[in-house]
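Input: a single structure, listed below in structure tokens.
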Amino acid sequence: MSKKAIVILLALFYGFTLFLTLNRHSKAGVQNYHSEIWADKAGYYVYLPGFFIYDFEAKDFPKEIDRKTGHGFFLEDDKVKTKYTYGVSLLQAPFFLATHVIATTFGYDADGFSRIYHAMINVSAVTYSFFGLILLYLFLIRHVHKKVAFLTVTCLYLGTNLFYYSIFETGMSHIYSFFLFTCFLYLSPFIFKPKQSFFLYILFGLIVGLIVVIRPVNVFLLPLFFVFNKTKITELVKQIGPILIMLAAAFVTLIPQFLYWKYASGSYLFYSYSNEGFSNLFSPKLLNIWFSTNNGLFVYSPLIIFSLIGIFFLKQISVQKRILLASYFLFISVVIASWHDWTYGCSYGCRPFVEYYAVLALPLAIFLREINTQKYLRIVIWIIILLMIVYTQKIMFSYDGCWYGGNWDWQELYSILTGPTK
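For the sequence shown, full-length UniProt numbering begins at 1 and goes up steadily by one.
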């Protein structure tokens, strides 16, 4: 296929996904739990109007806007208070600024909370998911044939809740973390090659910093640098210069958060989640986060089962690293299952896994490559995969945004699966 044809197809894909999300949200209105600036999403977003429009003066914000947007942030003590970190808003900033210019130029309500700003969040999420998928494809073609890489990215996008957080819940952090994870995976093999540029070290450090800023638990991605690359931990002593540059760049991304915490709490270091935490650490709800009808990973994204199987076919890495990767999935699961609310509220599927699909893409690609060598098994598996995609898509388009049944309410799940789209 020619480069021109590829560009056209990519443009069509981007345009179609943009249409999907804008059309979906055009029916939802604003200031309700379906809208782009609501609850958690508002908490991530509020840094933008706070910084660019209101100079973090709570009294200047629209009246009761914190209540009207689901209490994702609070206007109290003459301050704008949010427990969420600023990373998502930083990535949304270019789209926000462009939208604000349009709003002020063409007479739209430029208060940061009108309809046009809601639409901006959709454009932002689709854009980052688009480039995240491209980077994931470029990462995969180092290990598998282009056709397998394309099929893997397509299946992962359509057959998991990655699609949901790209199209439906566009203001959440997960699609932004997914994009940064793909940046990390794509760039990491170049980091310690001879004669790398100073710019690359800065860029990689900034990416690592943002990964941690957006969701601090994302710090657990970093050890995978040694799983997917040939660099050994013992070799790091020879790379002190680049490491210091990257650490400095990463630290720069933390400074705005420290300054915000100082403004909001009086302390540069502050745990903003109050009584929320990992209270299930010694009794992690693993079966729940994997299999519960209330947002269980394998219930809403069953395709990931094949990715886990693929870990054991990863001949590109040693047996020890394969065991480490499988153990890593278990470790991340324990971390996710230890959160005080293992359902993660009104969400679809076990949403903290979304960014880790970037990591699980390679074993999925290897699995697809291996089954393609089996004449009859290939047909069976591909039929199952197609059914999984249809199943996942149907539930996503019929799901109301919150789970209203019990933790093991299969009848409710069946009702959603067979019910009308929303």
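For every residue, glycine included, the Cβ atom is placed at its ideal position computed from N, Cα and C.
Quick check on this structure: which residue in the options has the alpha carbon closest to the alpha carbon of residue i?
{"i": "VAL299", "options": "PHE198, GLY205, TRP261 and LYS394", "result": "LYS394"}
{"i": "ILE384", "options": "PHE179, PHE313, SER415 and SER301", "result": "SER301"}
{"i": "ALA264", "options": "ALA249, LEU48, LYS81 and GLY419", "result": "LYS81"}
{"i": "PRO242", "options": "LYS193, PRO256 and SER283", "result": "LYS193"}
{"i": "PHE113", "options": "THR105, PRO49 and LEU20", "result": "PRO49"}
{"i": "LYS232", "options": "PRO256, LEU221 and PRO189", "result": "PRO189"}
{"i": "LEU20", "options": "GLY205, ILE167, VAL359 and VAL354", "result": "ILE167"}
{"i": "ASN288", "options": "VAL30, GLY29 and TYR344", "result": "TYR344"}
{"i": "PHE51", "options": "HIS100, PHE353 and GLY171", "result": "HIS100"}
{"i": "ILE207", "options": "LEU133, THR17 and LEU247", "result": "LEU247"}
{"i": "MET396", "options": "TRP382, GLY405, ASP409 and GLY419", "result": "GLY419"}
{"i": "GLY72", "options": "VAL252, PHE184, TYR391 and SER35", "result": "SER35"}
{"i": "MET1", "options": "TYR108, LYS147, GLY15 and ASP78", "result": "LYS147"}
{"i": "ARG142", "options": "LYS195, ASN229, HIS340 and LEU236", "result": "ASN229"}
{"i": "GLN92", "options": "LYS79, VAL123, TYR108 and ASP78", "result": "VAL123"}
{"i": "HIS340", "options": "ASP409, LEU286 and THR373", "result": "LEU286"}
Return yes when the C-beta of residue i is under 8 Å from any heavy atom of the ligand FMN, and no when it is not.
{"i": "GLN374", "result": "By its list of ligands, the structure shown contains no ligand whatsoever, and the ligand FMN lies outside what it can speak to."}
How long is the line joining the alpha carbons of residue i and residue j, rounded to whole angstroms?
{"i": "residue 423", "j": "VAL7", "result": "The displayed coordinates of the chain run from 1 to 422. Any statement about residue 423 would go beyond what the structure contains."}
{"i": "LEU200", "j": "LEU377", "result": "44 Å"}
{"i": "PRO62", "j": "TYR44", "result": "18 Å"}
{"i": "TRP290", "j": "SER307", "result": "14 Å"}
{"i": "HIS174", "j": "PRO94", "result": "18 Å"}
{"i": "GLU64", "j": "PHE13", "result": "39 Å"}
{"i": "GLU169", "j": "LYS238", "result": "44 Å"}
{"i": "LEU417", "j": "TYR348", "result": "14 Å"}
{"i": "ILE211", "j": "TYR86", "result": "11 Å"}
{"i": "ILE191", "j": "LYS321", "result": "20 Å"}
{"i": "LYS68", "j": "ASN32", "result": "8 Å"}
{"i": "PHE198", "j": "TRP342", "result": "42 Å"}
{"i": "PHE96", "j": "LYS83", "result": "21 Å"}
{"i": "LEU221", "j": "PHE181", "result": "8 Å"}
{"i": "LYS262", "j": "ASN23", "result": "40 Å"}
{"i": "GLN411", "j": "VAL354", "result": "26 Å"}
{"i": "LEU297", "j": "TYR414", "result": "17 Å"}
{"i": "HIS380", "j": "ILE309", "result": "Note that residue 380 is Val in the sequence shown here, rather than His. Their backbone Cα atoms lie some 16 Å apart in a straight line."}
{"i": "CYS346", "j": "GLY266", "result": "31 Å"}
{"i": "THR127", "j": "TYR117", "result": "15 Å"}
{"i": "PHE359", "j": "PHE184", "result": "Reading off the sequence, residue 359 comes out as Val, not Phe. Distance between the alpha carbons of VAL359 and PHE184: 10 Å."}
{"i": "GLY15", "j": "SER26", "result": "16 Å"}
{"i": "ILE332", "j": "GLU276", "result": "18 Å"}
{"i": "PHE106", "j": "SER398", "result": "36 Å"}
{"i": "LYS315", "j": "LEU236", "result": "25 Å"}
{"i": "ILE323", "j": "THR373", "result": "24 Å"}
{"i": "ASP409", "j": "CYS350", "result": "16 Å"}
One question on the structure: do residue i and residue j come within less than 9 Å of each other, judged by their Cβ atoms?
{"i": "ALA103", "j": "ALA110", "result": "yes"}
{"i": "ILE317", "j": "VAL227", "result": "yes"}
{"i": "THR293", "j": "ASN407", "result": "yes"}
{"i": "LEU162", "j": "LEU362", "result": "no"}
{"i": "LEU224", "j": "LEU138", "result": "no"}
{"i": "PHE56", "j": "ASP66", "result": "no"}
{"i": "LEU387", "j": "ILE304", "result": "no"}
{"i": "LEU136", "j": "LEU156", "result": "yes"}
{"i": "ALA98", "j": "GLU76", "result": "no"}
{"i": "residue 440", "j": "PHE278", "result": "Any property of residue 440 remains undetermined from this structure, which presents the chain solely from 1 to 422."}
{"i": "PRO352", "j": "VAL217", "result": "yes"}
{"i": "LYS422", "j": "ASP400", "result": "yes"}
{"i": "TYR47", "j": "LEU90", "result": "yes"}
{"i": "LEU10", "j": "ILE134", "result": "yes"}
{"i": "PRO256", "j": "VAL334", "result": "no"}
{"i": "VAL252", "j": "ARG115", "result": "no"}
{"i": "ILE202", "j": "ILE245", "result": "yes"}
On the premise that residue j lies in contact with residue i, defined as a C-beta separation below 8 Å, what is that separation, rounded to the nearest angstrom?
{"i": "GLY159", "j": "ILE389", "result": "4 Å"}
{"i": "TYR176", "j": "VAL88", "result": "5 Å"}
{"i": "ILE53", "j": "ILE121", "result": "About 16 Å; that fails the 8 Å criterion."}
{"i": "TYR357", "j": "PHE178", "result": "7 Å"}
{"i": "PHE313", "j": "PHE367", "result": "6 Å"}
{"i": "GLY209", "j": "LEU254", "result": "6 Å"}
{"i": "ALA39", "j": "GLY70", "result": "4 Å"}
{"i": "GLY205", "j": "ALA250", "result": "5 Å"}
{"i": "TYR268", "j": "PHE258", "result": "5 Å"}
{"i": "LYS41", "j": "MET172", "result": "6 Å"}
{"i": "ARG369", "j": "VAL153", "result": "Not a contact, Cβ separation roughly 14 Å."}
{"i": "TRP382", "j": "ASN295", "result": "About 27 Å; that fails the 8 Å criterion."}
Residue i bridges to which residues according to DSSP?
{"i": "GLU76", "result": "LYS79"}
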